[in-house]
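J.: Numbers 67 to 536, taken from the numbering used here, label the letters of the sequence shown in order.
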Amino acid sequence: MQVVHLSVECFPVAKVGGLADVVGSLPKYQCKLGIDASVVMPWFDTSFVRDNAFDTVAEGSFYQGSEPLHYTVFKEREDKLGFPLYLIKIPGKLDRPEVYCYADEAEQWIAFQHAFLHWAKYDMGTPDIIHCHDHHVGLIPFLLRHSNEFHDLSYVKTVFTVHNGQYQGWMGWNKSILLPPFDTWRWGLLDWDGVINPLATAIKCCDAYTTVSEGYLKELYKEANGLQNLFRDQADKSYGIVNGIDTSYWNPVSDKLINYKYSITSATRGKKENKKALCTKHGLPDDVPLLSFIGRFALEKGADQLDRIIRYLFSQNQYKIAIFILGSGDARIEAQMRALKDEFAEKIGVYVGYNEALAHEVYAASDMLLMPSRVEPCGLNQLYALKYGTIPIVRGIGGLKDTVKDIAVEEGYGFVFARMEENDAEDAIMRALETYGDTKKWKAIRSRAMALDFSWDRSAQKYIELYNQL
Ligand code: GLC
67 MQVVHLSVEC FPVAKVGGLA DVVGSLPKYQ CKLGIDASVV MPWFDTSFVR DNAFDTVAEG
127 SFYQGSEPLH YTVFKEREDK LGFPLYLIKI PGKLDRPEVY CYADEAEQWI AFQHAFLHWA
187 KYDMGTPDII HCHDHHVGLI PFLLRHSNEF HDLSYVKTVF TVHNGQYQGW MGWNKSILLP
247 PFDTWRWGLL DWDGVINPLA TAIKCCDAYT TVSEGYLKEL YKEANGLQNL FRDQADKSYG
307 IVNGIDTSYW NPVSDKLINY KYSITSATRG KKENKKALCT KHGLPDDVPL LSFIGRFALE
367 KGADQLDRII RYLFSQNQYK IAIFILGSGD ARIEAQMRAL KDEFAEKIGV YVGYNEALAH
427 EVYAASDMLL MPSRVEPCGL NQLYALKYGT IPIVRGIGGL KDTVKDIAVE EGYGFVFARM
487 EENDAEDAIM RALETYGDTK KWKAIRSRAM ALDFSWDRSA QKYIELYNQL
């Protein structure tokens, strides 16, 4: 079976968030299970693209409105990621350093989807499944069925995965002339609330849609930034499949990015050494519990709560704690974190920015990871943390609820809290600090966490079952 994953992020080619990690690892596991899976993404001017060899495999031209566009498809020569990787380059549209942030994003993603379909029709072969990830490629299921030019491809089944339903790719109807010609009688499939909504279009037109956890699927039925009725209406073709992690890359036993490698049996020593290395570098004590936050400084991630929570923790003299923050995003939150560092230099380490290697070091060094998310479709950080014996303290929503069991229940291995405000996070952290004081108990929880299997093996198979069903 031939499956093509379409996405605008894929680790290590171009990454902004968890979408990249999923698209960079799921196809590898699917290939291992005997599926012919590949990834097609836009060409970005990133170090991975500059440092690796690519062959030109196809070229073509089409019009976007009245603008002629030329595309070239490149294939990475050695399948280094464990699956074939194709990049589509379009001078003037898909040839830039960043994934997001350009004013002509609508033109960029329309061009990407158009070029892909053009290539798929004329040159690519015959995929059985096109698996689209997030709204950037949400128009594909529509165009396959309702654009005459791509009628030859209408036999292909489409799966659409929602990694984040908050972003929907809205664009005004004035952009419709930029799409490949389509059956205008079907305009309603593109529309939601008077604008073109690619996420809504995908949910209406795909053969099956999935969310990255079951919990998140249930949440989308109730609240989906305006699309809840649509998600419910199309529930018959919905599936919740929890993400996995790439344990060949995220594994303290073999991680080349951490100072000291360790396994379950050597975790006490290994984590101590990693903590010492990180804390020394950032001027923090290494003999107190280390709590970290890694992620985007966004409301979705609850990063606006960090300042309040951290100030509270530092004001509680009975508890000793050190904190490490790694992330970037909202300028106000970045400023808050820098101010905390100025005020509490010996208690908190702050790195504003994106740093993959440092993230590995922080997971290895920390005792606890805080995720006070408002919305979390799956969340990968808690899964990485568990693998590194770092105990997650999470808000019980979406994928966090599905993957973290509170220590209050049998075989629990984390701390789960309910509400954003009302000091629930603080209480959960205090519970964690008290438990940490009981060394034997903490060690047992850590061993349990590290022994969990959140690798892709199970979930990759579930996707294959879905493809087969289609
Ligand atoms: C998005 C979601 C995150 C999920 C990731 C991968 O970034 O916010 O919860 O884990 O996609 O599916």
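Glycine included, each C-beta is placed from N, C-alpha and C at the ideal position.
1. Based on Cα-Cα distance, which residue from 72, 262, 251 lies nearest to residue 196?
2. Span of the alpha helix (DSSP H) holding residue 344?
3. If you measure from the CB of residue 443, is any heavy atom of the ligand GLC nearer than 7 Å?
4. With a threshold of 7 Å, establish whether the CB of residue 428 neighbours any heavy atom of the ligand GLC.
5. Would you verify that the beta carbon of residue 409 is, or is not, closer than 8 Å to some beta carbon of chain D?
6. Go ahead and pull the three-state DSSP assignment for residue 182.
7. If I follow the unbroken beta strand (DSSP E) through residue 417, where does it start and stop?
8. Residue range of the alpha helix (DSSP H) that residue 501 falls in?
9. Does the ligand GLC have even one heavy atom less than 7 Å from the beta-carbon of residue 336?
10. Give the straight-line distance between the Cα atoms of residue 299 and residue 335, rounded to the nearest whole angstrom.
11. Identify the residues that DSSP records as bridge partners of residue 130: which are they?
12. Quick test of your reading: residue 537 and residue 457, contact by CB under 8 Å. State the CB separation rounded to the nearest angstrom.
13. Taking only the alpha-carbon atoms, compute the straight-line gap between residue 327 and residue 433 and give it to the nearest angstrom.
14. Report whether the distance from the Cβ of residue 446 to the nearest heavy atom of the ligand ADP is below 7 Å.
15. Measure the alpha-carbon distance for residue 174 versus residue 160 and round it to whole angstroms.
16. Any idea what DSSP makes of residue 477, helix, strand or coil?
17. Closer than 8 Å by C-beta to residue 91: which residues in its own chain qualify, once you throw out the five before and the five after it? Chain order, please.
18. Quick check on residue 485: does DSSP put it in helix, strand or coil?
19. Please list, in chain order, all residues of the same chain as residue 400 whose beta carbon is under 7 Å from its beta carbon, the five residues on each side excluded.
20. Got a sec, what are the start and stop residues for the alpha helix (DSSP H) residue 187 sits in?
21. Give the straight-line distance between the Cα atoms of residue 381 and residue 374, rounded to the nearest whole angstrom.
22. Mind the definition here: the stretch 127–146 touches the stretch 179–197 only if three or more C-beta pairs lie below 8 Å; say whether that holds.
23. Quick one: give me the first and last residue of the alpha helix (DSSP H) that residue 265 is part of.
24. Under the assumption that residue 82 contacts residue 165 (Cβ atoms under 8 Å), give the Cβ distance between them as a whole number of angstroms.
25. In whole angstroms, what separates the C-alpha of residue 288 from that of residue 232?
26. Got a sec: does the ligand GLC put a non-hydrogen atom nearer than 7 Å to the Cβ of residue 70?
27. Could you name each continuous alpha helix (DSSP H) segment of 4 residues or more that falls completely within the stretch 189–245, going from the start of the chain to the end?
28. Is there contact here, the stretch 240–260 with the stretch 213–220, by at least three beta-carbon pairs under 8 Å?
29. Taking 7 Å as the line, does the beta carbon of residue 85 fall inside it for any heavy atom of the ligand GLC?
30. Let me check understanding here. Comparing Cα to Cα, which of 514, 141, 413 lies closest to residue 383?
31. Take residue 253 and list the residues in its own chain whose beta-carbon comes closer than 8 Å to its own, dropping the five residues that flank it on each side.
32. Compare the C-alpha of residue 240 against each of 260, 229, 526 and name the closest.
33. Leaving out the 5 sequence neighbours to the left and right, which residues in its chain are closer than 8 Å to residue 407 when beta-carbon positions are compared?
34. Any heavy atom of the ligand GLC closer than 7 Å to the CB of residue 383?
35. Could you pull the DSSP bridge partners for residue 76 from this structure?
36. Is it a yes or a no for the stretch 330–347 touching the stretch 476–484, going by three-plus beta-carbon pairs under 8 Å?
T.: By the coordinates alone:
1. 72
2. 333–347
3. yes
4. no
5. The chain inventory of the structure shown lacks chain D, comprising one protein chain alone.
6. helix
7. Taken as a continuous stretch (DSSP letters only), the beta strand (DSSP E) holding residue 417 covers 414–418.
8. 490–503
9. A distance criterion of 7 Å places the beta-carbon of residue 336 beyond contact range of the ligand GLC, judged by its closest non-hydrogen atom.
10. 53 Å
11. 133
12. Beyond the ends of the chain as shown, which are 67 and 536, falls residue 537; an answer cannot be given.
13. 16 Å
14. Among the ligands present in this structure, namely the ligand GLC, the ligand ADP is not found.
15. 7 Å
16. coil
17. 77, 310, 311, 312, 315, 522
18. coil
19. 363, 394, 418
20. From DSSP, residue 187 is part of no alpha helix (DSSP H); its letter is neither H nor E.
21. 11 Å
22. yes
23. 264–271
24. 5 Å
25. 13 Å
26. no
27. List check, alpha helix (DSSP H) in window: 206–212.
28. yes
29. With a threshold of 7 Å, the Cβ atom of residue 85 counts as near the ligand GLC, since some heavy atom of the ligand is closer than that.
30. 413
31. 242
32. 260
33. The residues are 414, 415, 416.
34. no
35. 80
36. Here the stretch 330–347 makes no contact with the stretch 476–484; the two share fewer than three CB pairs at distances below 8 Å.
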